[in-house]
Amino acid sequence: MSAGLIVFLILAVIAIAAAAAMLLSSNTVYSALFLIMNFIAIAVIYLTLGAPFVALAQITVYAGAIMVLFLFVIMMLGAEKFSEKEPLTWQRPVAILLGLGLIGEGVYALLTRVGTQMLSNTATEAMADPKALGVLLYTKYSLPFEITSILLLVAAVGAVVLTRGGKKEEKQ
Amino acid sequence: MNAALIWEWIIKSVIVLLVMTAGFAYVTWYERKVLARMQARIGPNRAGWAGLLQPIADAVKLIFKEELVPDKADKVIFILAPVITVIPALIITAVVPWGPTVHLFGRDIALSVANINLGALYILTVTSISVYGITLAGWSSNNKYATLGGLRATAQMISYELALGMAMLGPILLAGSMSLTDIVNAQQHLWYIVLQPVGALIYMVATIAEINRAPFDMPEAEQELTAGYHVEYSGMKFALFFMAEYIKMIAISMIGASLFLGGFQGPFLSTFPWLGPIYLFIKVVVLLFGLIWIRATFPRIRYDRLMSFGWKILFPLSVVNLMVTAVVVRLVGG
Numbered sequence: 001m002s003a004g005l006i007v008f009l010i011l012a013v014i015a016i017a018a019a020a021a022m023l024l025s026s027n028t029v030y031s032a033l034f035l036i037m038n039f040i041a042i043a044v045i046y047l048t049l050g051a052p053f054v055a056l057a058q059i060t061v062y063a064g065a066i067m068v069l070f071l072f073v074i075m076m077l078g079a080e081k082f083s084e085k086e087p088l089t090w091q092r093p094v095a096i097l098l099g100l101g102l103i104g105e106g107v108y109a110l111l112t113r114v115g116t117q118m119l120s121n122t123a124t125e126a127m128a129d130p131k132a133l134g135v136l137l138y139t140k141y142s143l144p145f146e147i148t149s150i151l152l153l154v155a156a157v158g159a160v161v162l163t164r165g166g167k168k169e170e171k172q
Numbered sequence: 001m002n003a004a005l006i007w008e009w010i011i012k013s014v015i016v017l018l019v020m021t022a023g024f025a026y027v028t029w030y031e032r033k034v035l036a037r038m039q040a041r042i043g044p045n046r047a048g049w050a051g052l053l054q055p056i057a058d059a060v061k062l063i064f065k066e067e068l069v070p071d072k073a074d075k076v077i078f079i080l081a082p083v084i085t086v087i088p089a090l091i092i093t094a095v096v097p098w099g100p101t102v103h104l105f106g107r108d109i110a111l112s113v114a115n116i117n118l119g120a121l122y123i124l125t126v127t128s129i130s131v132y133g134i135t136l137a138g139w140s141s142n143n144k145y146a147t148l149g150g151l152r153a154t155a156q157m158i159s160y161e162l163a164l165g166m167a168m169l170g171p172i173l174l175a176g177s178m179s180l181t182d183i184v185n186a187q188q189h190l191w192y193i194v195l196q197p198v199g200a201l202i203y204m205v206a207t208i209a210e211i212n213r214a215p216f217d218m219p220e221a222e223q224e225l226t227a228g229y230h231v232e233y234s235g236m237k238f239a240l241f242f243m244a245e246y247i248k249m250i251a252i253s254m255i256g257a258s259l260f261l262g263g264f265q266g267p268f269l270s271t272f273p274w275l276g277p278i279y280l281f282i283k284v285v286v287l288l289f290g291l292i293w294i295r296a297t298f299p300r301i302r303y304d305r306l307m308s309f310g311w312k313i314l315f316p317l318s319v320v321n322l323m324v325t326a327v328v329v330r331l332v333g334g
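Protein chains in written order, with the working numbering: chain A, 1 to 172; chain B, 1 to 334.
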């Protein structure tokens, strides 16, 4: 077994264990922390694959910005504990159905792809060099890039509209 | 990769960690001395000559203090939080070069731990995760003052991170590289503070807010929050929070010196490469003096003003600064 494979296996076990612990934890703050652990383990996997930019962006955006806000909201609302009752009863059967569908899809993909050529497990030159990555983002992938930015802008505007809408109710 | 190279990295990492922790001890002494002089006092002068042994006396006192853990606290996170706070502070300067390549023991040794091509992004990454320790400390203490302090810290650090990132992009654009070694080398003839005065100003303001120093020390406002997020901590765990704050002071001074003041650059550097760390040390001491001076001069600003200043003045200013820099770099062909 090569050193790279051992490192990958350790990271994979950490990532999966953290993801499982996130789902099973009864305290939402711990769930958030396990999710951060999962993000960081995956970022290190990106590093071992030779994509440092993606790894650092993963930590900055997910662990550094999004999860901080999650923790902020959990702490602000005091929502550490789940409520005893399931608030949305129709959710569970739908979730089970969708989960089974996903597993079936995974098994099908695994069975049909056996023997076909493996995907390359090392990143191309563009992933290591921030300049090449930027050029790719603004030329070849500029349309998805712009669509993503519009999506984020819509979300930001939506947040502003939602907070402004509260003003009328306060006056009553 | 041979054994000598691994040893070189280990030794350089250990040196950085030791310098940062020893630096923490003496920055506390430096701050107390400077603050005392500004307030017409003498400051620590009992332990050792000019109070130079004061940090050691403080450390001994803190080690022997009783460690208290509140009964209703979340014990695991309460103990982990100081550690999570210190680690980003210790690792953030890994990408800052302290000198050019020197010849030692028959080997060419670059005076930096990691000269990676994403140095500036690494700094932003570490900054973005350094908020967790404070947030978790505030939450796990199960104390309303601590929780409020933690929440304030989170909101403040997220808000000022954007302006900080934008300010750091100025030197990156001018040097055409995210590696801090390249940025320092590009400042051989002209410091970037001349080309980026607005960027340097935004960097200073945003970093003071990032490390929760006066006048932006709302998370630990004594009068309204008793002490903020570390109110329940005692002994060495309390000392770790202070260690993180003072190491971050050194770190932002080092990074600021590298981005805007030419880092290790100075006269006669090509003939005497060992002058590099000395030049960097002098610049860091000057910047630290500035940080202490600001603390001694400005009163703490109100929290809503702090947030609106960050979002409505600092962030737009940094965006305009970035756009102007980008256009000029493109036109001049930098």
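For glycine and all other residues, C-beta sits at the position ideal for the given N, C-alpha and C.
7 Å CB neighbourhood of residue i in its chain, flanking five on each side removed
i	result
A/Ala43	Ala55, Gln58, Ile59
B/Tyr246	Phe24, Val27, Thr28
B/Leu5	none
Coil, strand or helix - residue i by DSSP
i	result
B/Ala3	helix
B/Ala186	coil
B/Ala40	coil
B/Leu104	strand
B/Ile109	strand
B/Lys65	coil
A/Asn38	helix
B/Asn212	coil
A/Lys140	coil
B/Lys75	helix
B/Asn45	coil
A/Asn27	strand
Same chain, Cβ closer than 8 Å to residue i, neighbours up to 5 away in sequence not counted
i	result
B/Leu306	Gln156, Ala209, Phe216, Met218
B/Lys72	Asn142
A/Leu24	none
A/Gln172	A caution first: A/Gln172 carries a pLDDT of 46, below 50, which makes its placement in the model unreliable, though a value can still be read off. Within the same chain, A/Gln172 has no close Cβ partners at all.
Environment of residue i [buried if 16+ CB atoms lie within 10 Å]
i	result
B/Arg107	exposed
B/Met254	buried
B/Glu161	buried
B/Lys237	buried
B/Lys248	buried
B/Asn2	exposed
B/Ile211	buried
B/Tyr229	buried
A/Lys81	exposed
A/Pro130	buried
B/Val60	exposed
B/Ala40	exposed
A/Ala109	exposed
B/Ala206	buried
A/Thr163	exposed
A/Ile76	Note that residue 76 of chain A is Met in the sequence shown, not Ile. By the 10 Å Cβ count, A/Met76 comes out exposed.
For residue j and residue i, believed in contact at Cβ under 8 Å, the rounded distance
i	j	result
B/Ala251	B/Gly133	Not confirmed; about 15 Å, so no contact.
B/Leu280	B/Gly263	6 Å
B/Leu195	B/Leu174	6 Å
A/Ile36	A/Ala65	Not confirmed; about 12 Å, so no contact.
B/Glu66	B/Gly235	6 Å
B/Met38	B/Ala296	4 Å
B/Ala95	B/Ile116	In the sequence under discussion, the amino acid at residue 95 of chain B is Val, which differs from the Ala named in the question. With a Cβ gap of about 6 Å, B/Val95 and B/Ile116 count as contacting.
B/Phe289	B/Val34	6 Å
A/Phe53	B/Leu118	6 Å
Cβ-based neighbour list, residue i, same chain, cut-off 6 Å, excluding 5 preceding and 5 following
i	result
B/Thr93	Ala251, Met254
B/Phe315	Leu162, Ala163
B/Leu169	Leu322
A/Ser2	none
B/Gln54	Trp29, Pro44, Ala47
B/Leu331	none
A/Val61	none
B/Ile109	Val102
Task: Short-range partners of chain B found in the stretch 46-74 of chain A, where Cβ spacing is below 8 Å - done: Pro52, Phe53, Leu56, Ala57, Ile59, Thr60, Ala63, Gly64, Ala65, Val68, Leu69, Leu71, Phe72
Task: Near-chain B residues of the stretch 4-22 of chain A (beta-carbon distance less than 8 Å), N- to C-terminal order - done: none
Open item on the list: Any C-beta of chain B within less than 7 Å: which residues of the stretch 21-35 of chain A qualify?
Closed with: Val29
Open item on the list: Can you pull out the residues from the stretch 135-151 of chain B whose beta carbon lies closer than 9 Å to at least one beta carbon of chain A?
Closed with: Thr135, Leu136, Gly138, Trp139, Ser140, Thr147, Gly150, Leu151
- [ ] Can you give me, in chain order, the residues of the stretch 57-68 of chain B that have a beta carbon less than 9 Å from any beta carbon in chain A?
- [x] none
- [ ] Using a Cβ-Cβ cut-off of less than 7 Å, list which residues of the stretch 169-181 of chain B approach chain A; keep chain order.
- [x] Met178
Task: Members of the stretch 104-123 of chain B that neighbour chain A once the beta carbon cut-off is set at 8 Å - done: Ile116, Asn117, Leu118, Leu121, Tyr122
TODO: For the stretch 181-211 of chain B, enumerate the residues whose C-beta is nearer than 9 Å to any C-beta of chain A, in chain order.
DONE: none
Task: Residues of the stretch 130-145 of chain A whose Cβ lies closer than 8 Å to any Cβ of chain B, in chain order - done: Pro130
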